[in-house]
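Participant: Residues 126 to 484 in this note's numbering are what the sequence shown lists, from first letter to last. Using N, Cα and C, we set each Cβ at its ideal position, and we do this for glycine too. Just so it is clear, the structure is predicted and the values come from calculations on it, not from any experiment. Questions regarding the structure given below will be posed in turn.
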Amino acid sequence: MVISMKFSQFADLPVVDAHVHFGASSAGKAQLTAENLRKQGRFMVDVIKKGRLSQIYVSGGYAGLYLKAKYPGMFYAGGYVPWSGNTESLKVNDWNSYIISLIHLGFDGIGEMGNKPVLRSKHEPLDGSYYKGFWEACESLGVPVLCHVADPEEFWDENLAPEWAKSRGWVYYHDDYPTKEELYAEMENVLDAHPDLKVVLCHFYFISADLERAEKFMNRYENANLDLTLGIELMYNISRRRDDWRDFFIKYQERIFFGTDIATWQTLQEALDRIWLIRNFLESDEEFFTPQTADMLLTRYKEPFIGLKLPEGALRKIYCENFKRLWGDEPRPLDTDRVIDVLQKKGRKELVTAIKSVK
Numbered sequence: 126m127v128i129s130m131k132f133s134q135f136a137d138l139p140v141v142d143a144h145v146h147f148g149a150s151s152a153g154k155a156q157l158t159a160e161n162l163r164k165q166g167r168f169m170v171d172v173i174k175k176g177r178l179s180q181i182y183v184s185g186g187y188a189g190l191y192l193k194a195k196y197p198g199m200f201y202a203g204g205y206v207p208w209s210g211n212t213e214s215l216k217v218n219d220w221n222s223y224i225i226s227l228i229h230l231g232f233d234g235i236g237e238m239g240n241k242p243v244l245r246s247k248h249e250p251l252d253g254s255y256y257k258g259f260w261e262a263c264e265s266l267g268v269p270v271l272c273h274v275a276d277p278e279e280f281w282d283e284n285l286a287p288e289w290a291k292s293r294g295w296v297y298y299h300d301d302y303p304t305k306e307e308l309y310a311e312m313e314n315v316l317d318a319h320p321d322l323k324v325v326l327c328h329f330y331f332i333s334a335d336l337e338r339a340e341k342f343m344n345r346y347e348n349a350n351l352d353l354t355l356g357i358e359l360m361y362n363i364s365r366r367r368d369d370w371r372d373f374f375i376k377y378q379e380r381i382f383f384g385t386d387i388a389t390w391q392t393l394q395e396a397l398d399r400i401w402l403i404r405n406f407l408e409s410d411e412e413f414f415t416p417q418t419a420d421m422l423l424t425r426y427k428e429p430f431i432g433l434k435l436p437e438g439a440l441r442k443i444y445c446e447n448f449k450r451l452w453g454d455e456p457r458p459l460d461t462d463r464v465i466d467v468l469q470k471k472g473r474k475e476l477v478t479a480i481k482s483v484k
């Protein structure tokens, strides 16, 4: 089918992308040069301008602070907390003090972090001893967390897992991996213990294949929010029960967030394709397919996606208002001198050079 809806036809509304990756996202060694940071920053600005975005929330640890310094007001940034398979990268004795230190630097929230599956021998449960105090600190301080839980259920099944997932080792039917239900249980234990936690669960919590379970989950955990970041299986699954899911989106419109998973390894066209896919899905009632120019992580299904054509009030919330409610109307101000001092002590020369060039 010919794609009929263009960027220029989308609703003229503010849009905040709540899920974008920039630079190095680990707390380990520096992986970028100052020039690469500047180049990737320009890429992100192009995405905002050509993708008709208003602002972006980036995961990338300290690298995100460069964007805040260079382009004030355009970027929110998430502070670093290790994923469950990488906890050796950061030792924290006092989570409350650590989170406060990130906020004082100018970070706006935490993550993306979470429990994307790793071998059980390397896995630290989200409700386990390593994260003891982390969730409580975020809850008491009102700091929002972007959290990835589990993965699509197909990744545990050799017959259903897509080839692109197999090629990246994102499959869990060999060796000893936690099950999807175990990973869900970790997060739900956290939600039970911290009912005031501000949390957005990435990729629609990988629950799009089970509408009834999704509704029970949203009713039980009233502080839980879902982002629409592809995993394109979410659009495929929702399209198979389009009318029922449309009712769900309208009912929970205040708890659904726009996000794309755009990253600096993509081309500009691939980034724009991700924005287009989700906006077309939300705004049109078209039948459409993954663009041929889209990146390799977006499966090409034989059956079409079917747009939800949500009302403008729901779009306003999903695109912007829900994000601002959790993260604030504007990004936190950056304490540039403090940032430079901290980065110098951590040996992040490339970031120090890039940020100093802005001053």
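Touching or not, the segment 346-353 and the segment 284-292, by the rule of three or more beta carbon pairs under 8 Å?
Facilitator: These segments do not touch.
Participant: Assuming contact is defined by CB atoms lying nearer than 7 Å, are Asp233 and Arg457 in contact in what I supplied?
Facilitator: It is a contact, given that the beta carbons lie within the stated cut-off.
Participant: Beta strand (DSSP E) containing Val206: first to last residue?
Facilitator: Here Val206 belongs to no beta strand (DSSP E), and DSSP marks it neither H nor E.
Participant: Looking at C-beta atoms only, is the number of pairs between the segment 209-221 and the segment 171-186 that lie closer than 8 Å three or more?
Facilitator: Touching, no, given that fewer than three Cβ pairs across the two stretches are closer than 8 Å.
Participant: May I ask you to verify whether the segment 320-338 touches the segment 266-283, counting CB pairs closer than 8 Å and requiring at least 3?
Facilitator: With a cut-off of 8 Å, the segment 266-283 and the segment 320-338 count as touching, because enough Cβ pairs lie within range.
Participant: Please list, in chain order, all residues of the same chain as Asp282 whose beta carbon is under 7 Å from its beta carbon, the five residues on each side excluded.
Facilitator: Excluding positions up to five away in sequence, the list reads Tyr298.
Participant: Round the Cβ separation of Lys67 and Gly231 to the nearest angstrom and send it over; I've been treating them as touching at under 8 Å.
Facilitator: Here the chain covers residues 126 to 484 and nothing more, so residue 67 does not appear.
Participant: Does the distance from the CB of Gly148 to the CB of Gly198 come in under 7 Å?
Facilitator: In this structure, Gly198 does not lie closer than 7 Å to Gly148 by Cβ.
Participant: Using the C-alpha atoms, what's the distance from Tyr330 back to Leu138?
Facilitator: Those two C-alpha atoms are separated by around 26 Å.
Participant: Would Ser246 be called buried (16 or more neighbouring beta carbons within 10 Å of its own) or exposed?
Facilitator: So Ser246 counts as exposed.
Participant: Classify Gly185 as helix, strand or coil using the three-state DSSP reduction.
Facilitator: Three-state result, Gly185: coil.
Participant: Could you tell me the boundaries of the beta strand (DSSP E) in which Leu351 lies?
Facilitator: Start and end: Ala349 to Asp352.
Participant: The beta strand (DSSP E) that contains His146, what's its start and end?
Facilitator: Val141 to His146 is the extent of the beta strand (DSSP E) around His146.
Participant: Quick one: using the 10 Å Cβ neighbour count with 16 as the cut-off for buried, is His248 buried or exposed?
Facilitator: Its Cβ being crowded by 16 or more others within 10 Å, His248 is buried.
Participant: Beta carbon of Phe342, beta carbon of Val141: below 7 Å?
Facilitator: For Phe342 and Val141, no; Cβs fall outside 7 Å.
Participant: Should Thr389 go down as buried or exposed, given a rule of 16 or more other Cβ atoms within 10 Å for buried?
Facilitator: Looking at its Cβ environment, which holds 16 or more other Cβ atoms inside 10 Å, Thr389 is buried.
Participant: What residue range is occupied by the uninterrupted beta strand (DSSP E) comprising Leu138?
Facilitator: Neither: Leu138 is in no beta strand (DSSP E) and is coded neither H nor E.
Participant: Does the Cβ-Cβ distance between Ile357 and Thr424 come in under 7 Å?
Facilitator: Yes.
Participant: Just the C-alpha distance for Lys131 and Cys327, rounded to the nearest angstrom, thanks.
Facilitator: Whole-angstrom Cα-Cα distance: 26 Å.
Participant: For His248, name the three-state secondary structure that DSSP assigns.
Facilitator: Looking at His248 - three-state DSSP - the assignment turns out to be coil, as it is neither helix nor strand.
Participant: Closest to Gly384 by CA distance: which of Val296, Gln165, Cys445 and Leu190 is it?
Facilitator: If we check each option's Cα against that of Gly384, Cys445 comes out closest.
Participant: Once DSSP output is grouped into helix, strand and coil, what is the label at Ser151?
Facilitator: Per-residue confidence for Ser151 stands at a pLDDT of 41, beneath the threshold of 50, marking its modelled position as unreliable; no derived number is given.
Participant: Beta-carbon within less than 8 Å of Arg380's beta-carbon, same chain only, minus the 5 sequence neighbours each way: which residues are those?
Facilitator: The residues are Met343, Ala349, Asn350, Leu351 and Asn447.
Participant: Mind checking Lys241: buried by the 16 CB within 10 Å criterion, or exposed?
Facilitator: Buried: at least 16 other Cβ atoms inside 10 Å.
Participant: Expressed to the nearest angstrom, what Euclidean distance is found between the alpha-carbon atoms of Ile465 and Asp301?
Facilitator: Their backbone Cα atoms lie some 42 Å apart in a straight line.
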